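Numbering (this note's numbering), first residue to last: 1007 to 1309. Think of the CB as a built atom: it goes at the ideal place given N, C-alpha and C, for glycine as much as any other residue. Bear in mind that the values here come from a model prediction, so they are computed numbers and not experimental data. Single-structure report; data block below.
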Amino acid sequence: PQLHKMADWKKVALAATIGSATTAGLGMALYLANKHLCRSHGHGHDHDHHGEAEQVISREDSFVAFQFFAQDDFPYDCNVKEYTNFSKRLADICIAHKMDGVPSRALDVGCGPGGVTFELSRGYDEVLGIDIGEEFLARCNELKTVGQCNYNVKLEGDITEPRVARLGDNIDRSKVHFQQGDACSLDPNLGQFGCVLAAHLLSHLPDPKGFLEHCAHMVAPNGIVVIATAYAWYDAFTPKEKWIGGKVNEDGEEISAFEALKEIMQTHFDLVEDRDFPNVCPEVYRTYYWTVSHVTIWRRKSQ
1007 PQLHKMADWK
1017 KVALAATIGS
1027 ATTAGLGMAL
1037 YLANKHLCRS
1047 HGHGHDHDHH
1057 GEAEQVISRE
1067 DSFVAFQFFA
1077 QDDFPYDCNV
1087 KEYTNFSKRL
1097 ADICIAHKMD
1107 GVPSRALDVG
1117 CGPGGVTFEL
1127 SRGYDEVLGI
1137 DIGEEFLARC
1147 NELKTVGQCN
1157 YNVKLEGDIT
1167 EPRVARLGDN
1177 IDRSKVHFQQ
1187 GDACSLDPNL
1197 GQFGCVLAAH
1207 LLSHLPDPKG
1217 FLEHCAHMVA
1227 PNGIVVIATA
1237 YAWYDAFTPK
1247 EKWIGGKVNE
1257 DGEEISAFEA
1267 LKEIMQTHFD
1277 LVEDRDFPNV
1287 CPEVYRTYYW
1297 TVSHVTIWRR
1307 KSQ
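The following block contains the structure:
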């Protein structure tokens, strides 16, 4: 919502800050990148206009915290702990809808630091994570090699705390591979998958409809596409003419992204389930963000 109040130059700066990575949908949460933009330009919550503020943790660290934030990391005794463990809970949804006779291959498009990618290996024999960001792929490969990676979280002001993201003992790292790629221009030789996951990706793409239509070529019959999105459309990422929803047509009718999504997908997919997917993510020690993504599961028609 803060972007609605941002001047055009700030929107451009935000897109530049995330860079070409948004094209591949690193897509954890827009607010994380927005926070870093505001800090780097001295326009954070405290409205400091006295020069550039130092970015005390990296963008990559923020995304690792998002994907690996677990119940034990939440320091307070309240009832939101069940909404941690983003990566495991999202992978559980994908695994629950797996069918026999479908290739046991999963593709995580815009995988970021790979949290969900590794969790998918609990239910699939082969998992491929694709991202355009070299920094994120470095984190992915560090996790694949040693099973953990270091990152920092911000506690308050310039005070940070080092933490370690660790893969569970039930993760078979040999099943998981990563490669660089663009979500809107995927390698046609990737083959077919039993599951394609697009988590917080759709509204970060320059052509979301094109990506959705291409899913029909990547998913085997009876395989699934799992989409997690908040439908947060911003022209800094997606030209308004490419939005699949969140706008008003020439007749004054509001176009819902979910309804548009159903229209796009219905040619090759059946909607199996849709659900709200709450998640809690840390900003600082006493500030946490609550997001509720819409998760939809689509099964590829057999013919």
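According to the DSSP assignment, GLY1229 belongs to the beta strand (DSSP E) that extends over 1225-1235. Counting along the chain, the unbroken beta strand (DSSP E) around CYS1287 starts and ends at 1275-1290.
Contact between ASP1276 and HIS1300 fails: their C-beta atoms lie close to 17 Å from each other, not under 8 Å. With respect to the C-alpha of ILE1303, the residue from TYR1294, GLU1279 and ARG1292 having the closest C-alpha is GLU1279. Under the three-state reduction of DSSP, ARG1065 is assigned to helix.
LYS1160 counts as buried, since no fewer than 16 other beta carbons sit within 10 angstroms of its beta carbon. Between the segment 1094-1109 and the segment 1143-1160, the count of C-beta pairs closer than 8 Å stays below three; the two stretches do not touch.
If you look at ASP1098, you'll find it in the alpha helix (DSSP H) that goes 1092-1102.
If one requires a minimum length of 4 residues, the alpha helix (DSSP H) runs lying completely within the segment 1125-1155 are 1140-1152, in chain order. Take the alpha-carbon of SER1064 and the one of ASP1257: they are about 45 Å apart. Nearest neighbour of PRO1284 by Cα position, chosen from ASP1114, PRO1227 and THR1297, turns out to be THR1297. Within the same chain, and ignoring the five residues on either side of CYS1117 in sequence, the residues whose Cβ sits closer than 8 Å to its Cβ are THR1123, GLY1135, ILE1136, ASP1137, PHE1142, CYS1146 and PHE1184.
DSSP, read as helix, strand or coil, puts ASN1085 in coil.
When rounded, the separation of the alpha-carbon atoms in ASN1085 and ALA1071 is 20 Å.
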